[in-house]
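S.K.:
Residue numbers (full-length UniProt numbering): 1 to 196.
Have a look at this one:
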């Protein structure tokens, strides 16, 4: 990270004008190495130079603040991004926030963000969906998500899975293993292990 900052300063000294990609790389690197002060300096510098931050810029801060349990600052960043017209929150914006809220036992707020996410036309990942349901269940408020919303999320998760499987098919062996064959293989391996 030190080397990247040195090169950035050298770029400025030589008269190069950094763009949003340059700033995003530096800000993300600073956030990932817990140098939030430097990341915020770069964010200010970016705005002073008229370089407009985008969703990637804000997501770096949102992930950092979510991981460090500064959830209010993370939510504030998301709201600022929307208000300033610098980007539209996506799944990668909502997910760290939702996970942080669940980790800090704020299931109702996590539910509200999931609802906001779905109403914006996004679908949470299956893991996030189950995480929120488990949190709501443990707090005894699982019934606060209506069935229509559950259905929309489940259908969205299934559609995503189908889409992903079309573009990234599972690497299969040369021979196809059927479920019945898999059971036989498992039984044979277990009996072979018992012989050893």
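Quick reminder that beta carbons are idealized off the backbone N, C-alpha and C, glycines included. Everything numeric in this text was worked out from a predicted model, so none of it was measured.
1) From which residue to which residue does the alpha helix (DSSP H) around residue 93 run?
2) Give the DSSP-derived three-state secondary structure of residue 51 in the structure shown.
3) Would you mind listing the alpha helix (DSSP H) stretches within the region 67-152 that are 4+ residues and don't spill past its ends, in chain order?
4) For a test of the three-state rule: what should DSSP assign to residue 33, helix, strand or coil?
5) Touching or not, the region 115-122 and the region 67-85, by the rule of three or more beta carbon pairs under 8 Å?
6) Can you tell me the Cβ-Cβ gap for residue 122 and residue 87, rounded? I've got them flagged as a contact below 8 Å.
7) Between the C-alpha atoms of residue 99 and residue 110, what's the straight-line distance to the nearest angstrom?
8) Can you give the Cα-Cα distance for residue 156 and residue 30, rounded to whole angstroms?
9) Taking the C-alpha atoms as reference points, what is the distance between residue 58 and residue 77?
10) Under three-state DSSP, which class holds residue 15?
11) Would you check if the distance between the CB atom of residue 42 and the CB atom of residue 23 is smaller than 7 Å?
12) One question on the structure: do residue 129 and residue 153 come within less than 7 Å of each other, judged by their Cβ atoms?
13) Tell me the rounded alpha-carbon separation between residue 163 and residue 6.
M.R.: Walking through what the data contain:
1) 91-103
2) coil
3) Runs of the alpha helix (DSSP H) inside the region 67-152: 71-84, 91-103, 107-119 and 126-138.
4) The three-state reading of DSSP puts residue 33 in coil, since its state is none of H, G, I, E or B.
5) Three or more Cβ pairs closer than 8 Å define a contact, and the region 115-122 falls short of that threshold against the region 67-85.
6) Not really, about 13 Å apart at Cβ, beyond 8 Å.
7) 8 Å
8) 34 Å
9) 6 Å
10) coil
11) yes
12) yes
13) Their backbone Cα atoms lie some 43 Å apart in a straight line.
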